[in-house]
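Written out below as structure tokens is the structure these notes cover.
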Amino acid sequence: MTNNIPETMQIALLNKPFDIEIKEVDVPKLGPKEVLVKMMAVGVCGSDVHYYEHGKIGDFIVKEPLILGHECAGMVAAVGEDVTKFSVGDRVAVEPGVPCGKCEQCQKGQYNLCQDVEFLATPPIDGAFAQYIAHPEDFLFPIPDSLSYEQASLNEPFSVGIQACKRAGVQPGSTVVITGMGPVGLMAVVAAKAFGATRIIVTDLADIRLEEALKLGATETINISKENPVKRIQEITNGKGADYAFETAGHPAALQSAVQSLAVGGSLSIVGLPQQEEIALNIPFIGNRELNIYGVFRYANTYPMGIEMLNNTDADLDSMFTDSYELKDTKAALERALNNKQGSLKVMVYPNGFLD
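Heads up: the sequence shown begins at 0 in numbering that gives the first Met the number 0, then just goes up one per residue.
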């Protein structure tokens, strides 16, 4: 089933670092269980900026021209012959990682750990800075009319926050410390509140990001350029420490302070990955207090929950959207995200034009 689908579309292609080309290509053909999604809103992620600047992230190297973008939502434009969950015109959020479905990790429900996952905008898989993408129906999720396309696109970074909460086991009435107020850290604030945390203490170097955290549900902020975070957290918690901590900054000092901020028996989710592989930690401190440390890699089984939480939150989600660009200006969008990291919270690209 189709709905006035053109034969060609525009894409924004990364040819090499700092080289974005707007190109016209054929609209993707659908497999039996695939859906053609008209891209309505795509957020610029830090990984997009990293590929744009460096052409690689770790072992993932852009060897051939690549379409970036994976935080996305859109409208169903056509469906494959065996699709049963969606119809033309449905509004959907796109879960960007498609696992093999057959390996041990997939069978255990931990499909985020699948070694054969195909993840949008991760070489060699093209992403969503395109007018249309073809995507399996099992990794598309309906969004209510009360949730905008922009807000629905936030479900991708929000899902990382949900995964951090799930890994650490966040309980209602708890205290959570979150280090680093980039987009993932900010959305982790929303997640922690949705899981019932009543005290959410956040740290960062930039006052503008700390102010944004308050709009999203943080209860206390600490500018680490002005205060000792561990000392201040102890003061706020009357010497107990936090029940949970999420480290999202990817900085050794942030990880160390996150560990030291925990209460006896507390749990830490490591979300941000530092450049160096080894970091000194106080092992007796961890062992004697029976602290729990969890890794977080992307997410699994979070999208329906995330959509429901975002639709019901009282957080000011729209305050996240600081910059807007059309597809033809994708290079400018990436430059903005690269060069205004403090002020540009979430840069948005609109592949089919600005929304009303």
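Built from N, CA and C at the ideal position, the CB exists for glycine as well.
- The beta carbon of S268 lies closer than 6 Å to those of A163, R166, A167, F245, Y293 and V295 in the same chain, with the five residues before and after it left out.
- One Cα belongs to F140, the other to I223, and the distance between them is close to 39 Å.
- Residue environment: C99 is assigned as exposed (fewer than 16 neighbouring CB atoms within 10 Å of its CB, all protein chains considered).
- Taking a cut-off of 8 Å for Cβ pairs, the region 141-156 and the region 205-213 do not touch, as fewer than three such pairs fall below it.
- Less than 8 Å divides the Cβ of G172 from the Cβ of G195.
- In this structure, S152 lies near E70, with their beta-carbon atoms less than 8 Å apart.
- DSSP, read as helix, strand or coil, puts A133 in strand.
- Distances from the CA of I19 to each of I66, P156, V43 and G45 were compared; the closest alpha carbon is that of I66.
- In the three-state reduction of the DSSP assignment, Q9 falls in the strand class.
- A252 counts as exposed, since fewer than 16 other C-beta atoms from the protein chains shown sit within 10 angstroms of its C-beta.
- As for any alpha helix (DSSP H) of minimum length 4 sitting wholly inside the region 279-354, the runs are 282-287, 302-311 and 329-338, ordered along the chain.
- With a cutoff of 8 Å on beta-carbon distance, V34 and V97 are scored as not near each other.
- Annotation: the continuous beta strand (DSSP E) that includes P141 extends over L139 to P141.
- Nearest in C-alpha terms to I278, of all of A212, A257, V43 and E94, is A257.
- A Cβ-Cβ distance of about 23 Å is found for the pair K345 and G54, leaving them out of contact under the 8 Å criterion.
- Comparing alpha-carbon positions, the option among Y298, P273, T321 and G240 lying closest to L290 turns out to be G240.
- Nearest C-alpha to L280 among R297, Y298, S260 and A299: S260.
- Within the same chain, Cβ atoms closer than 6 Å to the Cβ of Q104 are found at L112 and C113, the five residues on either side in sequence being excluded.
- Fewer than three Cβ pairs drawn from the region 329-343 and the region 211-219 lie within less than 8 Å of each other, which leaves the two stretches out of contact.
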